[in-house]
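A.B. asks:
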Amino acid sequence: MKYENMPLEGVRVADFCWVWAGPFACMLLAMLGAEVIKVEGHKRTDLTRHSVVWPLADPSPTVVPPNQGMSFNSVNMNKKSVTLDISQPEGAALAKQLAAKCDIVIDNMRAGAMERAGLGYEALRKLRPDIIVISSSSRGMAGPQRDFGGYATIHNAIGGEAYLTGYPDGDPSTTSGDTDLMNATTTAFIALAALHHRRQTGEGQFIDYSQCEGTTSLIGEAVLGYQMTGRVPERMGNRHPYYAPHNVYQCWGVDRWLALEVHSDEEFAALAQVIGKPELAEDKRFKTMKARKRNEKRLDSIIEEWTRERDRDWIVNEFCRAGMAAAPSRDWQDLYADPHLRTREAFITVQHPEIGPLEMVGVPWKMSGYTPPANRAPLLGEHNDYVLREILGLSEDQVRELRRKDIIK
Amino acid sequence: MVTVLHGIKILEYTEMVAGPYCGKLFADLGADVIKIEPPEGDRARCFGPFPDDKPHPEKSALFLYNNTSKRGVTLDLNKHAGKDAFKRLLQWADVLIDNHPNGHLAQLGFEDATIQAINPHLIFTCITPYGRTGPREDVKGDELTIAHAGSLGNVLPSRSANIDRAPVKPGGSQVGYQSGITAAFVTLAALLGRGKTGKGRIIDISMQEVILGLMRPSITGARYLRAHWGRVPDRPPAMGRMQTSDGYLVLGAVEDHHFGALREVMGNPSWLADDRWLIMAYRTHHAPEIAPLLDAWMAQQEKDDIHHKLARRGVPLGPVNSVKDLLENEQYAFRKYFHEVEHPLAGKQKYPGWPYLMSASPPTVSRPAPLLGQHNEEILCKEIGCSATEFQRLKKSGAFGKTKR
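Take a look at the structure:
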């Protein structure tokens, strides 16, 4: 379906990406109206097309039919798909022609892979001098560790975030695949910055993106703090250097938790009221933020004694109504069931020809005059004819010949 | 050399992390960013860390990092004169970034319609905990609550078998940073798309939805393919955190050739002699049998040494680095990732740079974070055309609060 009034209408992107960090960058551009063409080999597709997010609950199949991988469907919405076997010279030549018809080319292959396929920046700029090329790799396109590989959790660890995540008395914890999606968002941002620069100056450019560094840019205060104090910042669990109470508390049931952060004396008085212990607000152990921080273990156990016997969602409502910041620690079912997210249409239903309706996580923004496209991820090679004939201008016979030579699906 | 975002004018009325980081992304690429603070300053100025642990409003690491390359003005928006200066700055700007609670600007007399009437071309970006609409529009939220509300906290710590211990938030200010990046991306897109009509837009960023959005593959996987959800022990030897003799690393020997290389580097131990270990499906189902042996082997290795040995053989892995490790990291040094910034009061530190190296026009810190009210006169007189006497009058009438500047 076509959508009106899209900010990136008229921008075309060639997507030589796989898994999450690259594909989601291109999806973000697509959801704002760019025409994104995902290029895959039909013999070597994006592996997420037929894999599931690890780990699996037995006895799920470890491989699903192509086009049905959920992580693929969740990070490739509103794109077009062309299959081109770029390991064959003819396929690589077509990919190059296609890239030259695009404003932006994004890949997240291993450093140097695009160059080896003849699709590097130097080759592409000969065809289109103002092209913008972004290579997003594990550690960057040059340097002593250029050829080292990684995944989201590894980049999260190298970049310094895992060291800070977890309990002080426990192991460090990598976050989840979110590191890939964060790097994707940053990649999409810098792609647009380069586009602005081109509109101002006519100049294209090459951008060398390191996914490890993407993580480190988000712990700036820890990096500065170490230099200012001489202490290496450590894990704090759910706690905060100043605020207390500031923790996650057990509620009635199995593995049910709520998060609560109290930012002021007024909020603390409200908390004391709700849990039926108004005297706490006057107790000199808890009266000021400093005192509460000093006695936070005691405070946490008073709060948890109360929460443990009560329903999570009921408590959250009571706390929020009294003016505190509280939230359930939500799992995926809680999210789909959340009336707030429902009201805001945070999910988008798409029609998948092989599966049926799928409720996907939508885009993390609302914008006046804009409707997020409810277009699913493309089937493998779904737009071969459009891309090869309309964009590259091949004839029906030429396309048939490519199919015969097994260059396209 | 023309900076990448040359010519873009950003006005930010922001505090803490999300709004300021959004502005920083623009500022370090050369956009002209003016930060408005209330007379008492951005709250981040009270949060450390501070040099030698001595709190000082001009020396907060959180503030210094997130406000590089900006000019700063203090405005008392409760005063008529402050409102008037704000109005003129709105006319100057292409973009307004605001991360105050819903209704805050409206209470000061700046409803959406008023702002749009003042500048119909303005891209107005709001970042709030739960968004500008819906049943939770007025609910408070910050790092801890939003990390859990968006479900990222619910799956951490990874590899934790103990469900009697609470799930944890990611370390630091991840919710703020992630929201800042998303806001910057959408804002820039809206600005690029404004050319055709010249019409402004209002952008509504919900921090909960930003975190939810990052979890999208796991959420849809759990719903439609019954993939596991939760802080499940991530069983070696497929993927996950392992302990060495001098620290942790994360191993990702997922594919068969990765595991084959790992086996060789381990010296082909007898317990891996069976070649079925080179088949992913077999490993997935039999991992628990060898996990203790693999753990024991890894516990005898040195972190950096085994990282290099395995990575050179093509096995994806990496050490769990502290910020100290990062400042000494050879790859970061090669890419000149950290760069020194000198601040007049906080001194010199190495700041994290940007993950993007740009061939045409690299990002840079053009100036350290502004002192409170540092650019009041410059901005009022140069950017919105106040005369010197008008500036003095505004100052006297309290437009900038009781600051010395």
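Chains as they are written, first to last, in the numbering used here: chain A, 1 to 409; chain B, 1001 to 1405.
Think of the CB as a built atom: it goes at the ideal place given N, C-alpha and C, for glycine as much as any other residue.
Does the beta-carbon distance from Ser1158/B to Ser176/A come in below 9 Å?
C.D. replies: Yes, Cβ-Cβ distance for Ser1158/B and Ser176/A is below 9 Å.
A.B. asks: Buried or exposed: where does Lys43/A fall if 16 or more other Cβ atoms within 10 Å of its Cβ makes it buried?
C.D. replies: With fewer than 16 other Cβ atoms within 10 Å, it is exposed.
A.B. asks: Hey, how far is the Cα of Asp1042/B from the Cα of Ile1036/B?
C.D. replies: Taking the straight line joining both Cα atoms gives about 9 Å.
A.B. asks: Val36/A CB to nearest chain B CB: under 9 Å?
C.D. replies: Not an interface residue.
A.B. asks: Report the CB separation of Gln1178/B from Met360/A in whole angstroms; it is logged as a contact under 8 Å.
C.D. replies: With a Cβ gap of about 19 Å, Gln1178/B and Met360/A do not count as contacting.
A.B. asks: Counting contacts by CB-CB distance shorter than 9 Å, is Leu1357/B in contact with chain A?
C.D. replies: Interface residue, yes.
A.B. asks: Give a yes or no on whether 9 Å exceeds the smallest Cβ distance from Ser1366/B to chain A.
C.D. replies: Not closer than 9 Å to any Cβ of chain A, the Cβ of Ser1366/B fails to qualify, so no.
A.B. asks: Please go through the stretch 255–300 of chain A and give each complete alpha helix (DSSP H) segment of 4 or more residues, from N-terminal end onward.
C.D. replies: Runs found: 265–274, 289–294.
A.B. asks: What is the DSSP secondary structure of Arg1165/B, reduced to helix, strand or coil?
C.D. replies: Three-state result, Arg1165/B: coil.
A.B. asks: Assuming Ala1296/B is part of the beta strand (DSSP E), what are its boundary residues?
C.D. replies: Taken as a continuous stretch (DSSP letters only), Ala1296/B belongs to no beta strand (DSSP E), being part of the alpha helix (DSSP H) at 1280–1299.
A.B. asks: Can you name the start and end residues of the beta strand (DSSP E) that Ser137/A belongs to?
C.D. replies: Its beta strand (DSSP E) spans residues 132–137.
A.B. asks: Taking DSSP as the reference, what is the three-state secondary structure of Gly1030/B?
C.D. replies: Three-state result, Gly1030/B: coil.
A.B. asks: State the CB to CB distance for the pair Gly362/A and Val82/A, rounded to an integer number of angstroms; the pair is presumed to be in contact (CB under 8 Å).
C.D. replies: Contact flag wrong, Cβ pair sits at about 26 Å.
A.B. asks: Give the interface partners of Leu1062/B over in chain A, defined as CB-CB distance under 7 Å, in chain order.
C.D. replies: Here the neighbours are Glu221.
A.B. asks: Mind listing which residues of the stretch 1275–1290 of chain B have their C-beta closer than 7 Å to chain A's C-betas, in chain order?
C.D. replies: Listed by position, the residues of the stretch 1275–1290 of chain B near chain A (Cβ gap below 7 Å) are Ala1281, Thr1284.
A.B. asks: Can you give the Cα-Cα distance for Pro245/A and Arg1045/B, rounded to whole angstroms?
C.D. replies: One C-alpha to the other measures close to 21 Å.
A.B. asks: For Glu452/A, return the contacting residues in chain B, with the cut-off set at a CB-CB distance below 9 Å.
C.D. replies: A query on residue 452/A cannot be resolved here, the shown segment of chain A reaching from 1 to 409 and no further.
A.B. asks: What first and last residue would you give for the beta strand (DSSP E) that runs through Lys126/A?
C.D. replies: No beta strand (DSSP E) contains Lys126/A, which is instead part of the alpha helix (DSSP H) from 121–127.
A.B. asks: Along the stretch 235–246 of chain A, where does the CB come closer than 8 Å to a CB of chain B? Name the residues.
C.D. replies: So the close ones are Arg235, Met236, Gly237, Asn238, His240, Pro241, Tyr242, His246.
A.B. asks: For the stretch 196–250 of chain A, list the beta strand (DSSP E) runs that are entirely contained and at least 3 residues long, ordered along the chain.
C.D. replies: Within the stretch 196–250 of chain A, the complete beta strand (DSSP E) runs of at least 3 residues are 205–210, 246–250.
A.B. asks: What does Arg256/A touch in chain B if you count any residue whose Cβ is under 8 Å from its own?
C.D. replies: Within chain B, no residue comes near Arg256/A; the closest Cβ sits about 10 Å away, beyond 8 Å.
A.B. asks: Helix, strand or coil for Glu382/A, going by three-state DSSP, please let me know.
C.D. replies: In the structure shown, Glu382/A sits in coil (DSSP, three-state: anything other than H, G, I, E or B).
A.B. asks: For Pro59/A, which residues in the same chain have their Cβ closer than 7 Å to its Cβ, ignoring the five residues on either side in sequence?
C.D. replies: Interpretation of Pro59/A is limited by its pLDDT of 49, a score under 50 that renders its predicted location unreliable; no figure is taken from the coordinates.
A.B. asks: Residue range of the alpha helix (DSSP H) that Cys320/A falls in?
C.D. replies: Counting along the chain, the alpha helix (DSSP H) containing Cys320/A begins and ends at 312–321.
A.B. asks: Alpha carbon to alpha carbon, how far is Asp1275/B from Met1298/B? Give it in angstroms, no decimals.
C.D. replies: Between Met1298/B and Asp1275/B, the C-alpha separation is close to 21 Å.
A.B. asks: Which residues mark the beginning and the end of the alpha helix (DSSP H) in which Glu89/A is found?
C.D. replies: With the sequence shown as reference, residue 89/A is identified as Pro, and Glu is not the correct amino acid for it. Where Pro89/A is concerned, the enclosing alpha helix (DSSP H) stretches over 89–100.
A.B. asks: Could you check whether Gln211/A and Gly415/A sit closer than 9 Å to each other, using their CB atoms as the reference points?
C.D. replies: Because chain A spans 1 through 409 in this model, residue 415/A falls outside it and cannot be assessed.
A.B. asks: Rounded to a whole number of angstroms, what is the C-alpha to C-alpha distance between Ala57/A and Arg1226/B?
C.D. replies: Low per-residue confidence applies at Ala57/A: pLDDT is 48, beneath 50, and the placement is therefore not dependable enough to give any value.
A.B. asks: For Val105/A versus Ile131/A, is the C-beta distance shorter than 9 Å?
C.D. replies: Yes. Within cutoff.
A.B. asks: Check for me: the alpha helix (DSSP H) holding Met1266/B runs from which residue to which?
C.D. replies: Here Met1266/B belongs to no alpha helix (DSSP H), and DSSP marks it neither H nor E.
A.B. asks: Taking all protein chains shown into account, decide if Asp1053/B is buried (16 or more other Cβ within 10 angstroms of its Cβ) or exposed.
C.D. replies: Asp1053/B comes out exposed.
A.B. asks: Sort out for me which residues DSSP pairs Leu1203/B with in a bridge.
C.D. replies: The sequence as given places Ile at residue 1203/B; Leu does not occur at that position. In DSSP, Ile1203/B forms a bridge with Met367/A, Thr1125/B.
A.B. asks: From Asp1084/B to Gln333/A, what distance separates their C-alpha atoms?
C.D. replies: About 48 Å.
A.B. asks: Of the choices Leu1372/B, Val1168/B, Ile1202/B, whose alpha-carbon is the least far from that of Glu1111/B?
C.D. replies: Looking at the Cα atoms, Ile1202/B is the closest of the given residues.
A.B. asks: Among residues of its own chain, excluding the 5 on either side of Ile425/A, which ones have a beta-carbon nearer than 7 Å to its beta-carbon?
C.D. replies: Missing from the structure shown is residue 425/A; chain A here goes from 1 to 409 and no further.
A.B. asks: How many Å lie between Leu1011/B and Asp1094/B at the Cα?
C.D. replies: If you take the alpha carbons of Leu1011/B and Asp1094/B, they lie about 8 Å apart.
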